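Read the structure below first, then the notes.
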Amino acid sequence: MIGSTPLGYLQAAGERAHAILALTWFTLAVSILVCVVIAVLLWRAVTRARAHGGAAETRAVPVERGPKALRWIGVGVSISAVPLIITLIWTMVTLAATSGPPPDTHLTLDVTGHQWWWEVHYDAAQPDQSFTTANEIHIPVNTRVLVRLRGADVIHSFWVPKLAGKTDTIPGQTNLAWLQASAAGRYLGQCTEYCGWQHAHMALEVVAESPQDFQRWRAQQLQPAQTPTAPTAQHGLQVVEFRCGLCHQVRGTLAASHVGPDLTHLMSRHMIASGMLPNTAGALSGWIEAAQGIKPGSQMPDQNLSAEELSDVVAYLETLQ
Amino acid sequence: MNRADDRAPALGTVSPGLEHRLHELWEGEGGLKGFLSTVDHKKIGLRYIVTAFTFLLLGGIEALIMRLQLAGPNAHLLSPEQYDQLFSTHGMTMIFLYASPILSGFSNYLWPLILGTRDMAFPRVNALSYWIYLASGIFLYVGFLTGNGPNDGWFNYVPYALRDFNPGMNQDFYSLGMVLLGTSTTVGAANFIVTAMRTRAPGMSINRAPMLLWGTLTANVANLLVVPAVSLAFFLLWLDRQFGTHFFDVRAEGQPLLWQHLFWIFGHPWVYAIVLPAMAFVSDALPVFCRRPLVGYPLVALSTVATMVLGFGVWVHHMFATGLPALGMSFFSAASIAIVVPSSVTIFSWLATIWHGRPVVTTAFMFFASTIILFVIGGVSGFMTASVPVDWQLTDTYFVVAHLHYVLIGINLFPVLGAIYFWFPKMTGRLLDERLGRWNFWLIFIGFNLAFLPMHLTGLFGMPRRVYTYGPDMGWNTLNLITSVGSFVIAIGVVLLLVNVVKSRRSGALAGPNPWGAHTLEWSIPSPPPPYNFALIPAVASRHPLWEAELHEEVRSSLDRGLMLDKGKETLGTTPLDALPDMILRMPEDTVAPFVLTLGLALLFTGMILKVWLLMLAGALVLTASLLVWLWPRRELREREPAHG
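Chains as they are written, first to last, in the working numbering: chain A, 490 to 810; chain B, 9 to 653.
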């Protein structure tokens, strides 16, 4: 059952999440135990009841001073204090281990939360080695990755539960988080600070892959878009430059704006619209024509292209491998 | 200034003549004028309870609509905009318009009765507090009904609440409404504090006061200290929105985190303020059904205060994911874990009281006793979120939604429902039906746990808060359906309660003064109480004035012989700790001034929301005029006069 919960955090796939998960299980176990013990005590206490009924039955039972019973409080509080102290120490140890980014990070990402998508910038010492993509983060497996988090508009929260807990992206400040994946795979992430109409549809994916695969992917992402050869795609490019270029960038073309996600290697991504739709030709057409019907309030306007324009645009976008 | 009246008040016994004189003095006018001008704490308390319960029903309906939307994946019953306003309005309603006012209502009604006095310290302020609460509730709901309800959650984070992202009037209604409501809470808190300190019956030293005094007093000291923070935050938000100030505007180096600090430094103490008085219901009433005194009264009283003191140092646990330094967070984490200790004192006191008592299982008892386990469930989930790293996973998922509902329903609504069953006979003179009561209890108890226990799992499976819908492949479908079913079971239980109230008010069994054989002063007077509460001001000698014979106390409270104070609308002022007689308090007559003042305020705020300067001016004039009338020094109205020169 847990296996089918892409956002569940009772499974961990990275060292940071693992450290937290152990403490989570401990506190959860203590919590369940406490509830069971109290429930049993309460049940036993009530079933000693003298009477059932209403006011008359209550009045009929005489009042007695009863034993002072202060031991209950002394013993109860003393026993409670033990797991509290253990939790406190364990919390501090885990906090020290998981909070600050470790010094040995080998990759730095700048992730910016937008209403309602994620901008992902791969930082590098040389400008020609850095690039920008969206909603899909690739990282090499077993490598600690530093993530610098910023908010473009309102507060969002960056969360990839299988790898790490949440860190907010807050406008006006840069928060630091770090990720590490111990196993290759696709890990779902989600915005978890309420950010407006489409807060529900602000997912991201982290793809952890072997260092070789990661290098291959990175080299490909650094390339500008290829010039299309087919006439339909060429026409599509014109439309993209003329219309989509107002908000989007396709490196190597005249479309060079940064309002919306970078589309240079759109087809290398698994999903579109921040995890809402699969990246297929059909979904792309639907999204371009009727984004507001699919994701009301999103910054992506309905395009009202002619059928020919739309199919050409999609033909072009499909070349953006 | 008036000349002090330094007569010594006369001692006496109850006589028809005395009762008649007091009735003449204290009975308010009937009709519309009487309705608008009354300052009787009992009427005001009942109005608070009825109004707050109405908001509970509204918030419940909002919840049911949301649960329909969330019952299955990808539902389209509500648009995102509608859903956002619903969940925000639901939170605002339950937390601000129900949870706190319902407790103010009970305390308003009960305090003078349990303290052995004739009214609150400032009856006109009491009326003002209610009218402003009502006005702010109407104001906020006018916003909601015109499509301008809050839409950023009840804690309303900036920048989303700023004009750039939220251009409608939604946030203006919310911020102004909250400033208005803050006024009501603040004046009410001042009134509770002075009432607690100055009007307890002679002999009711602070260590003999019912727990309800400790609970409500602690909560209101906190309110007085923290409500200004949130009122300020909302006022600054309104300034940012309307006048372009930059408190929260990032482009001008404003700070989004400033909002969060101002809000939560209020918000977390507030959470305790809306449970401590309800916990006090349990501490006072549970012993009645266990037929013995509460175990560890001094410890429970002190842990009430300790909870509040620690409660001022935990607000950052709402902000563990905001990138604050780990060292700072570790302090708040430790304080949040430590707060379990005073809570567990209360839990074990209640358990021991039942265990070592001879419990009688009534509907009220069932609500109070089940509070114990619901409190523990809400407490341990809170303990989990107190651990910073664990919270990084739990926060803003449905685990927190489950947690806060166990806290608010478990430690506020359940004790309140118990309190309704327990004190309804005092308020109306008739008992609620026990058979309907059992159905009522079991439906709400089962419905509640059905809805919210599995929700912990929904959270652990990663469902984020405040999403208007979710995909079918997340592992949340069944859990959400169960929660939705549970919510409707609760609704049926609540309807049964209403049926019970309507039916029993008309034809319930007559209660008499003390149907439960209870121990506190309110049960020594008729049900419902006369307008003057006590014909004689009682003198209290123990913690259990009505159980002294059964408990073989060496002392006896004096209920049959006491101060008559029948020379005017008067009650006794006593000293803060020992409750020694100190002065005669002259109590004010009924007046429409609080109502008119509230009208002026409402006019002023309406002018502010509509930006109609004339309306604001008119509101300000009405406000000033009613204040002048209210505060104008009058020869016949001596607010205070020493009993002994």
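A virtual CB, placed ideally from N, CA and C, is assigned to each residue, including glycine. Remember, predicted model here, so these are calculated numbers, not experimental data.
Beta-carbon proximity list for residue i, same chain, < 6 Å, skipping 5 on both sides
i, result
"Gly151(B)", "Gly157, Phe181"
"Val696(A)", "His627, Arg675"
"Glu556(B)", "Ser550, Arg564"
"Arg642(B)", "none"
Pair within 7 Å by beta-carbon distance, residue i and residue j
i, j, result
"Thr361(B)", "Ser311(B)", "no"
"Pro480(B)", "Pro81(B)", "yes"
"Val729(A)", "Tyr611(A)", "no"
"Val279(B)", "Ser341(B)", "no"
"Arg208(B)", "Thr582(B)", "yes"
"Ser213(B)", "Asp590(B)", "no"
"Ala540(A)", "Trp524(B)", "no"
"Gly654(A)", "Ile527(A)", "no"
"Val313(B)", "Thr224(B)", "no"
"Leu85(B)", "Gln93(B)", "no"
"Ser96(B)", "Asn159(B)", "yes"
"Arg132(B)", "Pro596(B)", "yes"
Exposed unless 16 or more other CB atoms sit within 10 angstroms - verdict on residue i
i, result
"Trp621(B)", "exposed"
"Ile417(B)", "buried"
"Leu531(A)", "buried"
"Lys51(B)", "buried"
"Phe251(B)", "exposed"
"Lys557(A)", "exposed"
"Gln172(B)", "For the record, residue 172(B) in the displayed sequence is Asp; it is not Gln. With fewer than 16 Cβ atoms within 10 Å of its Cβ, Asp172(B) is classed as exposed."
"Trp431(B)", "buried"
"Glu625(A)", "buried"
"Ser515(B)", "exposed"
"Phe339(B)", "exposed"
"Thr191(B)", "buried"
"Ile491(A)", "Caution is warranted here: a pLDDT of 46 is assigned to Ile491(A), below 50, making its placement in the model unreliable, and no coordinate value can be reported."
"Ala16(B)", "exposed"
"Arg75(B)", "buried"
"Lys619(B)", "exposed"
Residues near residue i in its chain [Cβ-Cβ closer than 7 Å; skip 5 each side]
i, result
"Gly386(B)", "His411, Tyr414, Val415, Gly418, Ile419"
"Tyr478(B)", "Pro81, Met471, Trp484"
"Ala772(A)", "Ile761, Leu766"
"Gln810(A)", "His754, Met756, Ser757"
"Gly437(B)", "Leu518, Ala519, Ser535, Pro536"
"Val424(B)", "Ile110, Ala286"
"Met392(B)", "Val398, Leu402"
"Ala547(B)", "Ala209, Pro210, Gly211, Ser565, Ser566, Gly570"
Residue i: CB within 6 Å of a non-hydrogen atom of the ligand HEM
i, result
"Val620(B)", "As far as ligands go, the structure on display features none, and thus does not contain the ligand HEM."
Own chain, CB closer than 8 Å to residue i, minus 5 neighbours either side, in chain order
i, result
"Arg446(B)", "Thr371, Met374"
8 Å contact criterion, which residue i and residue j should meet: CB distance rounded
i, j, result
"Gly497(A)", "Gly470(B)", "5 Å"
"Leu544(B)", "Arg569(B)", "7 Å"
"Asp292(B)", "Pro218(B)", "5 Å"
"Ile347(B)", "Leu318(B)", "5 Å"
"Thr597(A)", "Leu638(A)", "The Cβ separation is near 12 Å, so there is no contact."
"Ala230(B)", "Ala281(B)", "5 Å"
Proximal residues of chain D, C-beta to C-beta of residue i below 9 Å
i, result
"Pro720(A)", "Structure shown: chain D not included; protein chains present are A and B."
Within 8 Å of chain A by C-beta, residues of the stretch 412-425 of chain B in sequence order: none
Near-chain A residues of the stretch 385-400 of chain B (beta-carbon distance less than 9 Å), N- to C-terminal order: Ile385, Gly387, Val388, Ser389, Phe391, Met392, Ala394, Ser395, Val396, Pro397, Val398, Asp399, Trp400
Proximal residues, the stretch 621-643 of chain A versus chain B, C-beta separation under 7 Å: Asp642, Val643
Near-chain A residues of the stretch 167-192 of chain B (beta-carbon distance less than 7 Å), N- to C-terminal order: Pro167, Tyr168, Phe173
Contacting positions in the stretch 663-690 of chain A - beta carbon closer than 9 Å to chain B: Thr663, Asn664, Leu665, Ala666, Leu677, Gln679, Cys680, Thr681, Glu682, Tyr683, Cys684, Gly685, Trp686, Gln687, His688, Ala689, His690
Contacting positions in the stretch 319-332 of chain B - beta carbon closer than 8 Å to chain A: Ala329, Thr330, Gly331
Under 9 Å (Cβ pairs) to chain B, residues found in the stretch 576-607 of chain A: Thr576, Leu577, Trp579, Thr580, Met581, Thr583, Leu584, Ala585, Ala586, Thr587, Ser588, Gly589, Gln604
Near-chain A residues of the stretch 74-89 of chain B (beta-carbon distance less than 7 Å), N- to C-terminal order: Ser87, Pro88, Glu89
The stretch 728-754 of chain A: positions lying closer than 9 Å to chain B by Cβ: none
Within 8 Å of chain A by C-beta, residues of the stretch 478-503 of chain B in sequence order: Tyr478, Asp481, Met482, Gly483, Trp484
Under 8 Å (Cβ pairs) to chain A, residues found in the stretch 242-271 of chain B: Val258, Glu261, Gly262, Gln263, Pro264, Leu265
Residues from the stretch 549-562 of chain A in contact with chain B, defined by Cβ distance under 9 Å: Ala549, Val550, Pro551, Val552, Glu553, Arg554, Gly555, Pro556, Lys557, Ala558, Leu559, Arg560, Trp561, Ile562
Chain-ordered residues of the stretch 695-716 of chain A with a beta carbon less than 8 Å from chain B: none
Where the stretch 447-476 of chain B meets chain A: residues whose CB sits under 8 Å from a CB there: Leu468, Phe469, Gly470, Met471, Pro472, Arg473, Arg474, Val475, Tyr476
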